[in-house]
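The working numbering numbers the first residue of the sequence shown as 29 and each following residue consecutively. We put the CB at the ideal spot given by N, CA and C, even for glycine. It should be emphasised that the depicted structure is a prediction, and the values quoted were computed from it without experimental measurement.
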Amino acid sequence: MVAIWRRMSGVALGLLIVDLAGALLLTVVTPSFTSTYNLFITGRDFSILLLVALAQMIVLAVGQMNLSIGAIGGLVAIVESGLMVSYDTPVVIAIAFGLVLGAACGAV
């Protein structure tokens, strides 16, 4: 544990302190912040961001330097939701269309 603290840079340590202070402040101001439901919803939202971040990390680690994954993901999400809401497209067809759209954008 001590080795982890020694390896941590000043910026990372500062961000950790700010995160912990923010969580403590939200816990004091809003007691429902640490409720099981809120932690579940927060964890679910972060899991999606984590998947996108890991995918981006792999692309950068391989050396391809493609930073468009966030924009393509946003485009696919908007098109899929637009198909389902505006045109009453079934979920399976909207997801298939989104996969094709994402693959086409990635191929370009």
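Discussion item. What would DSSP say about Val136, mapped onto helix, strand or coil?
Written reply: Here residue 136 refers to the residue found at position 108 when the sequence shown is read from its first residue. Three-state result, Val136: coil.
Item to complete: Measure the Cβ-Cβ separation of Glu108 and Gly126 and say whether it is below 9 Å.
Response: Numbered from 1 along the sequence shown, position 80 holds the residue referred to as residue 108. Numbered from 1 along the sequence shown, position 98 holds the residue referred to as residue 126. Cβ distance < 9 Å, so Glu108 and Gly126 count as in contact.
Worksheet entry | Residue of Arg35, Gln92, Leu77, Ser37 minimising C-alpha distance to Gly98 | For this step, residue 98 is matched to residue 70 along the sequence shown. Measuring C-alpha to C-alpha distances from Gly98 to each of Arg35, Gln92, Leu77, Ser37 identifies Leu77 as the nearest.
Item to complete: Leaving out five residues on either side along the sequence, give the residues of the same chain with a beta carbon under 7 Å from the beta carbon of Ile100.
Response: Here residue 100 refers to the residue found at position 72 when the sequence shown is read from its first residue. Gly130, Cys133, Gly134.
Item to complete: Note down, in chain order, each residue of its chain lying with its Cβ closer than 7 Å to the Cβ of Asn94, except the 5 sequence neighbours on either side.
Response: Within the sequence shown, the letter at position 66 stands for residue 94. Here the set comprises Val87.
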